[in-house]
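Structure first, commentary second.
Chains as they are written, first to last, in our numbering: chain A, 1 to 321; chain B, 1 to 373; chain C, 1 to 258.
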């Protein structure tokens with residue numbers, strides 16, 4: 001019997017490699033335990049993409065070279081992968097849970113008549129079985145899914161849960177035989193990158209929030225400076241929406257935006273329920289308030305009882321670039 | 001069939017809850033501060049068919065039973081009491097057209113009730129809902145009536161397009177006529193600047209020799225007081241529902257705050273003085289709900305409901321004001337702040353100790369009923 | 001224009017439980033609602049119907065209790081509904097769901113457009129759409145944030161990729177999966193709620209469809225859930241920072257940089 005294989009679908013937009021694909025190569029190598037890690041690479045620019053993928057040390061790269069992969073449809077990609085998977089019969093297959101990955105994978109799954117688990121946060125082997133760990137119903141419940149009898153065992157894996165690490169390996173590069181079948185009745189354009197993702201506080205990774213206790217022009221200006229330095233945005237509680245610079249889109253809370261930043265720093269916010277609802281998903285919450293009994297503190301990881309201005313100045317001076 | 005009615009009612013209630021949470025509750029504070037509905041909001045209420053809830057299917061309505069609609073009003077009032085009262089004013093008026101209207105009048109007017117507001121007007125500057133001092137005159141002219149007079153403090157006055165008007169005939173008999181804002185001689189007067197329910201327009205209409213066709217008379221000449229009282233009864237059921245919603249809002253605020261706020265290291269809700277306030281609000285809310293639901297049940301089963309409807313409004317309005325005060329005390333300084341809606345909930349509830357008959361008048365009605373039983 | 005909207009009933013998020021024996025989510029006695037993304041699909045179908053005329057048919061697979069979400073879709077304005085319901089369909093994963101759904105679409109016949117939400121909020125898979133497209137052998141547009149008809153048979157769409165947008169034009173029939181940015185679903189109206197009870201919900205079992213019995217239900221499902229658990233969540237332990245602001249910021253930065 002041939003050596004067992006983990007295949008990784010490497011997504012490209014023709015010439016650029018999508019980063020999750022590389023993360024999955026690293027992950028596959030980590031759990032391989034003797035299995036070959038093979039990158040399946042549909043590409044319109046073999047030279048450049050092969051060079052990139054090589055740096056992450058898969059045992060083999062199977063190249064599906066065709067200019068039309070610069071703007072291929074989901075169906076065309078699935079069809080190409082299907083032809084290769086049929087040839088090499090991998091034990092399992094990892095696919096980035098990107099939009100393209102999540103669109104291609106089920107079509108491929110239907111062709112292969114096998115199982116597929118979407119949006120995994122982890123995968124590991126239990127013997128020959130790929131255990132696929134995924135959240136269900138938000139992130140409140142996790143489940144482990146297996147595909148006992150059919151092969152390959154397919155999973156899409158969420159971007160950025162694993163780090164891509166460059167690795168040395170004697171990577172074999174093979175141009176595979178396949179036929180590009182152009183799909184009828186559909187015309188797909190090359191993707192257009194979104195230049196500046198129109199800033200939305202609900203997507204911000206750092207939020208500096210101001211409440212009534214921080215309602216003065218100097219503090220607002222400093223908050224904006226701090227937010228700019230941390231690559232974040234300024235949000236406000238309801239009382240500050242009267243200011244011209246803060247509209248409804250800056251308001252945090254039940255009647256405004258729900259936010260989920262990695263870091264939230266609250267200045268002068270007491271913590272009305274309607275505000276607290278909007279910050280439930282923030283990872284780390286720091287709150288500054290003069291009132292030691294302010295409700296906001298019960299929802300905070302770090303509490304500073306004192307003057308907002310002092311704390312802001314201290315933050316600004318220690319984050320100076 | 002009964003099951004279907006239940007399912008439809010629960011769909012209605014979920015729809016109203018969603019509409020309230022998405023469209024009304026976020027604007028609650030703004031509506032109070034501006035003293036009006038924001039541009040386009042009332043159109044949304046119309047576009048989503050909320051004026052059709054009680055209207056029978058044959059007039060293009062949804063034909064929900066009065067108890068289901070009362071519950072819908074209750075749910076809406078949790079998010080915004082003003083809009084709930086606007087709908088209350090519309091529905092109580094439609095009830096009178098349905099019960100007392102000529103078929104021709106119903107065919108002509110009720111088919112427009114999905115997108116036009118109907119209002120009931122009794123009060124004049126001579127005083128309260130006291131019908132004795134009515135100065136509005138209806139003079140017979142062939143098959144028509146000529147109506148002249150001035151009505152004030154009309155719920156939805158200015159917003160409504162169709163008005164039921166209580167008037168006196170030449171031989172001093174009371175009667176109710178349906179007047180359309182498009183009739184020559186009709187004009188709007190001033191809008192009241194009330195301290196509560198500030199979204200609900202309350203205003204004045206002026207009628208200068210309006211010619212009204214004979215079939216616009218509701219019921220018979222001399223039935224005016226009965227129709228006016230019936231309108232009060234129907235309104236009071238829905239006001240009980242509005243008050244239940246207000247108390248539910250008060251309860252939510254007090255409960256949420258008592259859970260997140262600590263006195264020293266103890267959450268507020270563990271303190272007996274706080275528990276007492278929360279339980280009193282909860283009991284009063286529940287009582288008012290039972291009262292308005294019971295009154296609605298009596299109405300839809302054809303029994304006498306005036307007494308229980310009066311209890312729902314009288315008890316509920318006093319309770320909602322008192323519960324607002326208790327909720328305010330739970331939040332202490334925050335409760336006294338305009339950042340929290342409690343102060344405006346108290347002002348909103350206060351309106352209903354007066355509108356559709358004062359609580360004092362209601363006490364009189366309830367007591368006399370007991371004495372004369 | 002004949003449009004099929006595939007919808008899924010999902011439990012309301014705060015009422016989900018796990019059966020410790022079967023490791024399945026308990027959906028009995030749990031209030032079910034239409035998967036929120038599917039409401040965007042229904043809304044889009046209704047808008048297309050308003051523009052081009054035609055019929056909007058809802059299609060779902062699940063137990064009788066799923067009628068309530070189909071009723072909700074009818075109350076939004078869809079014309080009729082079909083529920084694939086039978087013990088034989090029970091325990092299906094995405095593969096064993098996509099197959100009978102696609103067979104049902106073939107049976108409905110003459111379908112121009114199949115719309116779905118981008119994914120369900122419970123299982124979060126987003127797989128049924130592409131599987132159905134594969135079985136129907138038609139093009140797919142996933143994650144559509146914009147759609148418009150170029151002419152009666154040609155649909156222009158824009159899909160949102162990770163950090164990019166992509167334009168696509170398809171000739172019908174096609175399968176389209178929509179994002180919530182596409183539209184705001186309408187409310188059910190009181191009148192539509194009442195008329196929803198006058199619209200038909202047909203129930204189809206495995207006997208009503210041309211099916212390979214080995215490809216449906218639990219037996220036709222390659223995947224199994226072997227374990228379900230609630231990840232441990234730590235409540236917030238509040239760390240009190242020093243009174244002096246400079247010291248406090250130092251403490252804070254030292255901790256959050258770890």
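The C-beta atom is built at its ideal place from N, Cα and C for all residues, glycine as well. No experiment lies behind these values; they were computed from the predicted model shown.
Residues sharing a beta bridge with residue i, DSSP
{"i": "residue 171 (chain C)", "result": "C:154"}
{"i": "residue 174 (chain A)", "result": "A:62"}
{"i": "residue 144 (chain B)", "result": "B:141"}
Secondary structure of residue i, DSSP reduced to three states
{"i": "residue 281 (chain A)", "result": "coil"}
{"i": "residue 67 (chain A)", "result": "helix"}
{"i": "residue 57 (chain B)", "result": "helix"}
{"i": "residue 293 (chain B)", "result": "helix"}
{"i": "residue 183 (chain B)", "result": "coil"}
{"i": "residue 126 (chain A)", "result": "strand"}
{"i": "residue 12 (chain C)", "result": "coil"}
{"i": "residue 152 (chain B)", "result": "strand"}
{"i": "residue 92 (chain B)", "result": "helix"}
{"i": "residue 9 (chain A)", "result": "strand"}
{"i": "residue 106 (chain C)", "result": "helix"}
{"i": "residue 185 (chain A)", "result": "coil"}
{"i": "residue 258 (chain A)", "result": "coil"}
{"i": "residue 241 (chain A)", "result": "helix"}
Partner residues on chain B for residue i, Cβ-Cβ distance less than 8 Å
{"i": "residue 271 (chain A)", "result": "260"}
{"i": "residue 37 (chain C)", "result": "The premise fails here: residue 37 (chain C) is roughly 16 Å from chain B at the closest Cβ pair, so nothing lies under 8 Å."}
{"i": "residue 72 (chain C)", "result": "11"}
Close Cβ partners of residue i (< 8 Å) along its chain, the five nearest in sequence each way excluded
{"i": "residue 321 (chain B)", "result": "346, 349, 350 and 353"}
{"i": "residue 220 (chain B)", "result": "175"}
Where residue i meets chain C, residues with beta-carbon distance less than 7 Å
{"i": "residue 48 (chain B)", "result": "187 and 189"}
{"i": "residue 193 (chain A)", "result": "163 and 164"}
Span separating the alpha-carbon of residue i from that of residue j
{"i": "residue 264 (chain A)", "j": "residue 266 (chain B)", "result": "26 Å"}
{"i": "residue 201 (chain C)", "j": "residue 80 (chain C)", "result": "6 Å"}
{"i": "residue 233 (chain A)", "j": "residue 210 (chain A)", "result": "11 Å"}
{"i": "residue 21 (chain A)", "j": "residue 137 (chain C)", "result": "28 Å"}
{"i": "residue 72 (chain C)", "j": "residue 32 (chain C)", "result": "11 Å"}
{"i": "residue 238 (chain B)", "j": "residue 81 (chain B)", "result": "11 Å"}
{"i": "residue 297 (chain A)", "j": "residue 48 (chain B)", "result": "41 Å"}
{"i": "residue 2 (chain C)", "j": "residue 169 (chain A)", "result": "55 Å"}
{"i": "residue 201 (chain A)", "j": "residue 207 (chain A)", "result": "7 Å"}
{"i": "residue 106 (chain A)", "j": "residue 206 (chain C)", "result": "23 Å"}
{"i": "residue 229 (chain A)", "j": "residue 223 (chain A)", "result": "10 Å"}
{"i": "residue 23 (chain B)", "j": "residue 91 (chain A)", "result": "52 Å"}
{"i": "residue 94 (chain C)", "j": "residue 178 (chain C)", "result": "18 Å"}
{"i": "residue 19 (chain B)", "j": "residue 187 (chain C)", "result": "7 Å"}
{"i": "residue 33 (chain B)", "j": "residue 84 (chain C)", "result": "52 Å"}
{"i": "residue 122 (chain C)", "j": "residue 145 (chain A)", "result": "15 Å"}
Cβ shell of residue i (< 7 Å), same chain only, five flanking positions each side left out
{"i": "residue 324 (chain A)", "result": "Since the displayed chain A opens at 1 and closes at 321, residue 324 (chain A) lies outside it and no answer follows."}
{"i": "residue 247 (chain B)", "result": "281, 284, 285, 288, 319, 320 and 323"}
{"i": "residue 233 (chain B)", "result": "305, 306 and 309"}
{"i": "residue 189 (chain A)", "result": "71"}
Own chain, CB closer than 6 Å to residue i, minus 5 neighbours either side, in chain order
{"i": "residue 180 (chain B)", "result": "162"}
{"i": "residue 196 (chain A)", "result": "Annotation note: pLDDT 44 at residue 196 (chain A) (below 50); position unreliable, no value reported."}
{"i": "residue 218 (chain C)", "result": "91"}
{"i": "residue 174 (chain C)", "result": "138 and 139"}
{"i": "residue 8 (chain A)", "result": "24, 25, 28, 39 and 94"}
Chain-ordered chain B contacts of residue i [CB-CB under 7 Å]
{"i": "residue 298 (chain A)", "result": "260 and 262"}
{"i": "residue 215 (chain A)", "result": "By Cβ distance, chain B contributes nothing, its closest Cβ being about 12 Å from residue 215 (chain A), past 7 Å."}
Residues that residue i contacts on chain A, provided the C-beta gap is smaller than 7 Å
{"i": "residue 256 (chain B)", "result": "273"}
{"i": "residue 289 (chain C)", "result": "With chain C running from 1 to 258 in the structure shown, residue 289 (chain C) is simply not present."}
Where residue i meets chain C, residues with beta-carbon distance less than 8 Å
{"i": "residue 110 (chain A)", "result": "95, 98, 130, 131, 134 and 135"}
Closer than 7 Å: residue i CB and nearest the ligand FMN heavy atom
{"i": "residue 59 (chain B)", "result": "Of ligands this structure carries none, so the ligand FMN is not represented either."}
Listed by chain order, chain A residues near residue i by CB distance under 8 Å
{"i": "residue 180 (chain C)", "result": "The premise fails here: residue 180 (chain C) is roughly 13 Å from chain A at the closest Cβ pair, so nothing lies under 8 Å."}
Beta-carbon neighbours of residue i, restricted to chain A and to distances below 9 Å
{"i": "residue 66 (chain C)", "result": "Simply none; closest approach about 18 Å."}
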